[in-house]
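Residue numbers (our numbering): 307 to 541.
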């Protein structure tokens, strides 16, 4: 069998980064995988150039290229399979895009997506990463976490603002995001079985011209009902 040491090391590093719930530094990778630090830096530079990993302030996380490759596998994950019928029904009922996201490092990663028959193209798709502090999916996930866990994911200077926003999310039962380009708005609600072992978010993406206070309440009601039923099913 052919042996390519550099490739084996690159795959081992990518696997370690992908399995970690937090960004991994070059030093951590060197220690855990017993790879010289200089080699780790060389491999990380190539992986980053290819968008297989992305550099963050405190380490490396999976990049767009790696998560895209894994999207096909993600469709077989039990959570995705369990959520698929409910997502399809919700997408058809609202005629919008529906995303299922979960925590990956300090970001929210979209696991799967569906859309209604007449809905516009979804702006984000499986494998995409969203900021945990400012995206609707991220805030929905954070709303289920204790303050200590939130502090590990959010920069200290952002904590007061984030905690204030999360209080509003908990009060409403959902998070709302209006995209910077004003083309879409997103409503997300947390999906959390009673076991507490899983925190995910279900999101609905709709065109900006569809927004109104009445539509927000209608969409949020449908979303929260779907999330409750799905959480009960996962129990």
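Think of the CB as a built atom: it goes at the ideal place given N, C-alpha and C, for glycine as much as any other residue.
Assign residue i to buried or exposed, taking buried as 16 or more other Cβ atoms, counted over all protein chains shown, within 10 Å of its Cβ.
i, result
"residue 311", "exposed"
"residue 459", "buried"
"residue 497", "buried"
"residue 340", "exposed"
"residue 483", "buried"
"residue 518", "exposed"
"residue 413", "buried"
"residue 387", "exposed"
"residue 315", "buried"
"residue 439", "buried"
"residue 343", "exposed"
"residue 421", "buried"
"residue 462", "exposed"
"residue 436", "buried"
"residue 391", "exposed"
"residue 466", "exposed"
Quick check on this structure: which residue in the options has the alpha carbon closest to the alpha carbon of residue i?
i, options, result
"residue 447", "479, 347, 344", "479"
"residue 450", "524, 418, 409", "409"
"residue 423", "444, 404, 516", "404"
"residue 445", "473, 362, 530", "473"
"residue 345", "318, 390, 369, 371", "318"
"residue 304", "328, 416, 337", "Given a span of 307 to 541 for the chain in the structure shown, any question on residue 304 remains unanswerable."
"residue 352", "338, 320, 396, 327", "320"
"residue 369", "468, 455, 329", "329"
"residue 333", "326, 356, 365", "365"
"residue 362", "327, 331, 407, 465", "331"
"residue 358", "324, 525, 337", "324"
Contact check, residue i vs residue j under 8 Å by CB: the rounded distance?
i, j, result
"residue 494", "residue 481", "5 Å"
"residue 511", "residue 428", "6 Å"
Looking at the unbroken alpha helix (DSSP H) that takes in residue i, where does it start and where does it end?
i, result
"residue 523", "519-540"
"residue 398", "384-400"
"residue 319", "311-325"
"residue 454", "453-459"
Once DSSP output is grouped into helix, strand and coil, what is the label at residue i?
i, result
"residue 437", "strand"
"residue 494", "strand"
"residue 340", "coil"
"residue 510", "strand"
"residue 416", "strand"
"residue 481", "strand"
For residue i, report the span of its beta strand (DSSP E) as first-last.
i, result
"residue 365", "365-368"
"residue 447", "Not the beta strand (DSSP E): residue 447 falls in the alpha helix (DSSP H), residues 442-448."
"residue 407", "403-410"
"residue 360", "359-362"
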